[in-house]
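Using this note's numbering, the letters of the sequence shown correspond one by one to residues 167 to 352. A short write-up of the structure that comes next.
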Amino acid sequence: MSKLHELFEHGQSIWFDFIRRSFTREGKLKALVDDGVRGITSNPTIFQKAIAGSNDYDEDLQKLVKAGKSVSEVYESLAVTDIQEAADVLRPVYDQSEGLDGYVSLEVSPTLARETQKTIDEAVRLYEWVARPNLMIKVPATPEGIPAIAELIGRGINVNVTLIFSLSNYQQVMDAYLKGLETLHK
């Protein structure tokens, strides 16, 4: 039994804060999942390091640029492919745990942190694009993010809340979570 499996036996689910196309395609992510990793987080910085630090993306980058895609469209296309592939690797964990673990987290654009409706719209768009039940959309716990969290949970979208820096902020997140659950179960 691996140390990660031992931690899981004590109620801890370890998530890996890294993603890269070759890591998934070469089976390294599956090996970590087999060893007890229960989820993956990502963010734009992680993707920047993966894209700039490898040639994994060169062919797709060239195709997307030749197709006239904007920088944000290129980023999203590359990120969504990686997220889908990682979600597929983690799907058995999701199924076995009945949805308690096995998630991959994808962040809405940080430029939307102060815009409730745009955060909701982007989260819905990304959730539909990735089209995996074990996707979590990462939303910041900003004053504008709190109502977005409630709305997304109310729509049945899995949310990973980030940037919680105080007990009062945590309480706001919990209230939004409960409000979302109430909406979901109406």
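Just so you know, even glycine gets a beta-carbon here, dropped at the ideal spot from N, CA and C.
- For R280, the CB contacts under 7 Å within the same chain, skipping 5 residues up- and downstream, are T308, E310 in chain order.
- By the Cβ criterion, the stretch 341–349 is not in contact with the stretch 224–233, since fewer than three pairs of Cβ atoms, one from each stretch, lie closer than 8 Å.
- Scanning E251, I206, D200 for the CA closest to the CA of R187 turns up E251.
- With a contact defined as Cβ atoms closer than 8 Å, Y260 and N324 miss out at about 10 Å.
- T328 carries a strand assignment under DSSP once its states are collapsed to helix, strand and coil.
- Secondary structure of P306 (DSSP, three-state): strand.
- Given a length threshold of 4 residues, each whole run of the alpha helix (DSSP H) inside the stretch 245–314 is given here in chain order: 282–296.
- Contact between A314 and A289 holds: their C-beta atoms lie close to 7 Å from each other, under 8 Å.
- Rounded to whole angstroms, the Cβ separation of I180 and L170 is 5 Å, and the two are in contact under 8 Å.
- Each residue's CA atom was taken as its position, placing L266 and Q337 some 22 Å apart.
- The distance from the Cβ of T190 to that of D248 is about 7 Å, consistent with a contact at the 8 Å cut-off.
- Annotated three-state conformation of G346 is helix, per DSSP.
- At a Cβ-Cβ threshold of 7 Å, L256 and N300 count as neighbours.
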